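Note that the UniProt record's numbering has the sequence shown beginning at 1, numbered continuously upward. Here is the structure we will look at.
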Amino acid sequence: SAPHFEQRLAAMTDQSAAGPTTNFNYLKTGAGKTERKALCICCSYPGTQLALPGCVRDQAAMVDMLPKQGYDVTFLTDGDNYHEKPTKANIVREMKKLCAWLSEKEGRQGWISYSGHGAQVPDEDIQKVGYSEEKDGMDEAMVNIDYQSVGLLTDDELKEVLVFSKGSSLMVFMDCCHSGTILDLPYRLTHEATGPAYDVIPDCGTIFCVSAALDEQCAYETSEGGVCTRAFLGAYRKGQPPGQMLQKMRAYAQAKKMPQQITMNSNRPFTDADGSFIDADPARHSRDAAAGYSRDTAERSRDTAET
Numbered sequence: 001s002a003p004h005f006e007q008r009l010a011a012m013t014d015q016s017a018a019g020p021t022t023n024f025n026y027l028k029t030g031a032g033k034t035e036r037k038a039l040c041i042c043c044s045y046p047g048t049q050l051a052l053p054g055c056v057r058d059q060a061a062m063v064d065m066l067p068k069q070g071y072d073v074t075f076l077t078d079g080d081n082y083h084e085k086p087t088k089a090n091i092v093r094e095m096k097k098l099c100a101w102l103s104e105k106e107g108r109q110g111w112i113s114y115s116g117h118g119a120q121v122p123d124e125d126i127q128k129v130g131y132s133e134e135k136d137g138m139d140e141a142m143v144n145i146d147y148q149s150v151g152l153l154t155d156d157e158l159k160e161v162l163v164f165s166k167g168s169s170l171m172v173f174m175d176c177c178h179s180g181t182i183l184d185l186p187y188r189l190t191h192e193a194t195g196p197a198y199d200v201i202p203d204c205g206t207i208f209c210v211s212a213a214l215d216e217q218c219a220y221e222t223s224e225g226g227v228c229t230r231a232f233l234g235a236y237r238k239g240q241p242p243g244q245m246l247q248k249m250r251a252y253a254q255a256k257k258m259p260q261q262i263t264m265n266s267n268r269p270f271t272d273a274d275g276s277f278i279d280a281d282p283a284r285h286s287r288d289a290a291a292g293y294s295r296d297t298a299e300r301s302r303d304t305a306e307t
């Protein structure tokens, strides 16, 4: 599938300067006692061969849901001319700001939601140090809209950015292809190891990630939007354990006949007994850890499927 991605990616036009840019909106809410902030990122690549209109609907749904859960939301999107664009620099800047905010006070909770293309590229460590921590020798990456001029946002870069003090928590939702280990988190639900023993930063807060597909898989969208996002929105129930939610999300993907395996990973061991992350006390998590958009009628891949 990788060659198809490269062929189609090369055909994309640089959208970094598309449309006027204004200061992005903050959607504020006073709901809940836990201080919460979210960053929603929509890369829909309008006007290109890789356009993903479903991403606009997905992130609009997230921006609608998160304030109801007590989150103040920052929105980066190329789907309108009213928010800042999801360039690599803007994404990294907002991620750093969110992590700095999480570090300022114990008990805070963050959320990062991404809808867009995902990619795999050769791990540069092979050239630098002669070996790769990745089983397949490939790095996973987000496809920021200005990738052609500044490169992709890789998992190695994300690991350096997403670091914050112990005592707070971060939920990351990646609805894109090849996202299984896009944060290189070492633990999968029920303590199943996801791969090699990546370095774990002991003083970092808890990170929990939902990924739309395994590293070798595509993530899909239908006319409704991204399968993973729609599965989450349909499966979410307050207080529901992660294992139950994962089962429902996978059942949704199977019902849509989509060959993608949704996964949950963390930088801390966790089980289905840990409860629902979105409603959880982040300080408790840290304490416990220390102890195919349709062009015809066919669905379209968020990465590599041919049209």
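Idealized CB from N, CA, C, for every residue including glycine. Bear in mind the structure is a predicted one, so any value in this text is a computation, not a measurement.
Please work out which residues of its chain come closer than 6 Å, Cβ to Cβ, to residue i, disregarding the five sequence neighbours upstream and downstream, and give them in chain order.
i, result
"ALA235", "MET245, LYS248, MET249"
"VAL210", "PHE173, MET264"
"THR154", "ASP139, ALA141"
"ILE182", "GLU140, ASP155, MET174"
"MET65", "none"
"THR229", "ASP58, ASP175"
"ILE207", "LEU170, ASN267"
"residue 309", "As shown, the chain starts at 1 and ends at 307. That puts residue 309 outside it, with no answer to give."
"LYS257", "none"
"ILE112", "LEU39, VAL172"
Taking a contact to mean a Cβ-Cβ separation below 8 Å, would you say residue i touches residue j in this structure?
i, j, result
"LEU102", "PHE173", "no"
"GLU94", "THR74", "yes"
"TYR71", "LYS37", "yes"
"CYS176", "ASN267", "no"
"GLU221", "GLY116", "no"
"LEU233", "ALA60", "no"
"VAL150", "LYS97", "no"
"ASP58", "GLY225", "yes"
According to DSSP, is residue i part of a helix, a strand, or is it coil?
i, result
"GLN217", "coil"
"residue 317", "This structure cannot speak to residue 317, because the chain is shown only from 1 to 307."
"THR229", "helix"
"VAL108", "In the sequence on display, residue 108 carries Arg and not Val. Coil."
"ALA51", "coil"
"GLU306", "Reliability of the predicted coordinates at GLU306 is poor, the pLDDT of 32 falling under 50, and no value is obtained from them."
"ALA119", "strand"
"LYS159", "helix"
"LEU76", "strand"
"SER165", "strand"
"ASP212", "Reading off the sequence shown, one finds Ala at residue 212, where the question assumed Asp. It is coil, neither helix nor strand."
"ASN81", "coil"
"TYR147", "helix"
"ASP139", "strand"
"residue 310", "Residue coverage of the chain in this structure runs from 1 to 307, which leaves residue 310 outside it and unanswerable."
"PRO67", "helix"
"GLN240", "coil"
"LEU183", "coil"
"LYS248", "helix"
Which partner residues does residue i have in the DSSP bridge list?
i, result
"CYS99", "None; CYS99 has no bridge partner."
"MET258", "According to DSSP, MET258 bridges with nothing at all."
"LEU152", "The partner list for LEU152 (beta bridge, DSSP) is empty, contrary to what the question assumes."
"ALA38", "VAL73, TRP111"
"ALA172", "Here the sequence assigns Val to residue 172, which means Ala is not the residue at that position. DSSP output for VAL172 lists ILE112, CYS209 as bridge partner(s)."
"THR222", "GLY225"
"CYS204", "SER165"
In chain order, what residues of the same chain lie with their CB nearer than 7 Å to the CB of residue i, ignoring the 5 residues before and after it?
i, result
"ALA253", "VAL227, ALA231, GLN260, ILE262"
"ALA251", "none"
"PRO86", "ILE41, CYS42, CYS43, LEU76, THR77, ASP78, ASN144, ILE145"
Short of 8 Å in beta carbon distance, which residues of its chain neighbour residue i, apart from the five on each side in sequence? Order them along the chain.
i, result
"SER179", "GLY118, GLU140, SER211, ALA212, ALA213, ASP215, ALA219"
"THR99", "A quick correction: the sequence has Cys, not Thr, at residue 99. Contacts found: GLY110, VAL161, LEU162, VAL163, PHE164, LEU170."
"LYS159", "LEU183, ASP184"
"VAL92", "LEU153, GLU157, VAL161"
"ASN90", "LEU76, GLU84"
"VAL63", "LEU27, CYS40, VAL73, PHE75"
Problem - Cβ contact check for the stretch 139-152 and the stretch 35-50: 3 or more pairs under 8 Å - result: yes
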